[in-house]
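I have placed the structure first, in the form of structure tokens, so that the comments after it can refer back to it.
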Amino acid sequence: METAQFETDLSLFKYDNLEQLPPSYRELDEDERTERIEAALDELGDDVVILGHNYQRREIVEHADFIGDSYQLSKEAANADADYVIFGGVTFMAESADIITDDDQSVILPSMEASCPMAGMAEALQVDAAWAELTAATDENIIPITYMNSYADLKAFCAEQGGLVCTSSNAHKAFEYAFEKGDKVLFLPDKHLGENTAHRLDMADEIVEWDPWDPEGVTAEAATDNDIILWEGYCQVHERFTPEHIEQVRDDHPDANVVVHPECRREVVEAADVVGSTSTITETVANADPGETWAIGTEIHLTNHLSRWHPEVNVLPLCGDACMDCNAMRQIDPNYLAWVLEELVEGRERNVIEVAPEEKDLAQVALDRMLEI
Ligand code: 13P
Ligand code: SF4
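In the working numbering, the protein residues as written are 2 to 374.
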């Protein structure tokens, strides 16, 4: 299979302009840092808005103007008037914000090392090669859908081929959109979200996995006998949850309810009580009655926030002590936040995320299609 021999340059970091944090910022204690961040924010006023993903550290979300899931934050970015959008999240989220905001607004990612490994699992060049094989193997119309957790060039590719972007909160609607326009879906890069969405739409029998790294994997002819082709990508954080974690929590806490993210494996989603995006998880706990117990199957920082925000609910991490920390999200160290803000006060822009102009317009089409469904 041609794609298996395809040489890709999978790099952990999307942007190579990694700027080192100046030594004077490395040892800031929390009190001093908080004071300096607040002073910089006072100085910058309405020029700055801070968006914080639910998985960010407490010291980041405490300073955020908006906290939410990827979909909510992309909407906030689209509505932002500020000159500077500081994104507490990972590279693909900041890219999407840059695409959606006006050209005279700058999107700043406090640390350029915050790159989601799953987004790196479907490189646009590699997808191009797979696309050539798959489309040559069928006369039917394939619509590509990429999860928000992907880079701008892949979003642009999807737009060009009639497809769109989705997040974990609207993947089912993106599939419905695609099946109105075409006959088959190629879903990238998260096979688990794709599989869970297929189940939600009663299309589980139509799934096949396409592994671009496996020379013995299914052929393009066999793959295109199915209506839903899932790219072999996954989240290393969510894939580690197992049904045994759920059994354990139910043994230890017989009254426990379980809510998990749809990036979890199918068998974990099946064993849970509720499945949904990070905002669904947040709302589930916010709407729980006092004294209820909820075990949370997602990144540990959100579990910790929920436990702080809702002391009346018994919030538990699903996986006991061995909990799932997203290394990419963790790169947004609050010392970096202090640095980029103080640099802005001095008139210097650091760590600006700029999507290449040739990708921007098309990627925007794919995002706009999502915002309209
Ligand atoms: P949400 O869209 O649910 O916020 O998820 C983003 C993400 O990266 C989950 O791992
Ligand atoms: Fe990427 Fe998983 Fe981290 Fe989300 S939790 S940003 S999908 S690695």
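Quick reminder that beta carbons are idealized off the backbone N, C-alpha and C, glycines included.
Next on the checklist: For H1, which residues in the same chain have their Cβ closer than 6 Å to its Cβ, ignoring the five residues on either side in sequence?
Outcome noted: Any property of residue 1 remains undetermined from this structure, which presents the chain solely from 2 to 374.
Checklist entry - Taking 7 Å as the line, does the beta carbon of D72 fall inside it for any heavy atom of ligand 1? => result The sequence shown places Tyr at residue 72, rather than the Asp named in the question. For ligand 1, at least one heavy atom lies less than 7 Å from the Cβ of Y72.
Checklist entry - How is the beta strand (DSSP E) around I144 delimited, first residue to last? => result I144 -> beta strand (DSSP E) spans I143 to Y148.
Checklist entry - Can we count E124 as close to ligand 2, meaning its CB is less than 7 Å from some heavy atom? => result no
Checklist entry - In chain order, which beta strand (DSSP E) runs of at least 3 residues are fully inside the stretch 172-240? => result For the stretch 172-240, the full-length beta strand (DSSP E) segments reaching 3 residues or more read 185-189, 208-211 and 229-232 along the chain.
Checklist entry - Just how far apart, CA to CA, sit Q332 and D140? => result 45 Å
Checklist entry - In the structure shown, what three-state DSSP assignment does M119 receive? => result coil
Next on the checklist: ligand 2 and M330: does the residue's C-beta get closer than 7 Å to at least one heavy atom of that ligand?
Outcome noted: yes
Next on the checklist: I'd like to know if the stretch 163-173 and the stretch 213-228 are in contact, where contact means that at least 3 CB-CB pairs between them fall below 8 Å.
Outcome noted: Contact fails: fewer than three Cβ-Cβ distances are below 8 Å.
Next on the checklist: Cutting at 6 Å between CB atoms, please list the residues of its own chain near Q162, excluding the five before and the five after it.
Outcome noted: P145
Item to check | C236 beta carbon near ligand 1 (any heavy atom closer than 7 Å) | outcome: yes
Item to check | Those residues which DSSP pairs with I100 across a bridge | outcome: In DSSP, I100 forms no bridge with anything.
Item to check | Beta-bridge pairing of V353 - partner residues as DSSP gives them | outcome: I109, per the DSSP bridge assignment.
Checklist entry - Which residues mark the beginning and the end of the alpha helix (DSSP H) in which T294 is found? => result Not the alpha helix (DSSP H): T294 falls in the beta strand (DSSP E), residues T294 to G298.
Checklist entry - Hey, would you say the C-beta of C327 is under 7 Å away from at least one heavy atom of ligand 2? => result yes
Checklist entry - Just how far apart, CA to CA, sit E344 and P244? => result 47 Å
Item to check | DSSP state of Y152 mapped onto helix, strand, coil | outcome: coil
Checklist entry - From T4 to E217, what distance separates their C-alpha atoms? => result Residue placement at T4 is flagged as unreliable, the pLDDT there being 34, under the threshold of 50; a coordinate-derived value is accordingly withheld.
Checklist entry - Out of curiosity, what's the CA-to-CA distance linking G89 and E222? => result 43 Å
Checklist entry - For L52, which residues does DSSP report across the bridge? => result According to DSSP, which records beta bridges pairwise, L52 is partnered with F67 and F88.
Checklist entry - DSSP on P358, reduced to helix/strand/coil? => result Correct three-state label for P358: helix.
Checklist entry - Assuming G195 and I229 make a contact with CB atoms under 8 Å, what is their CB distance in whole Å? => result 7 Å
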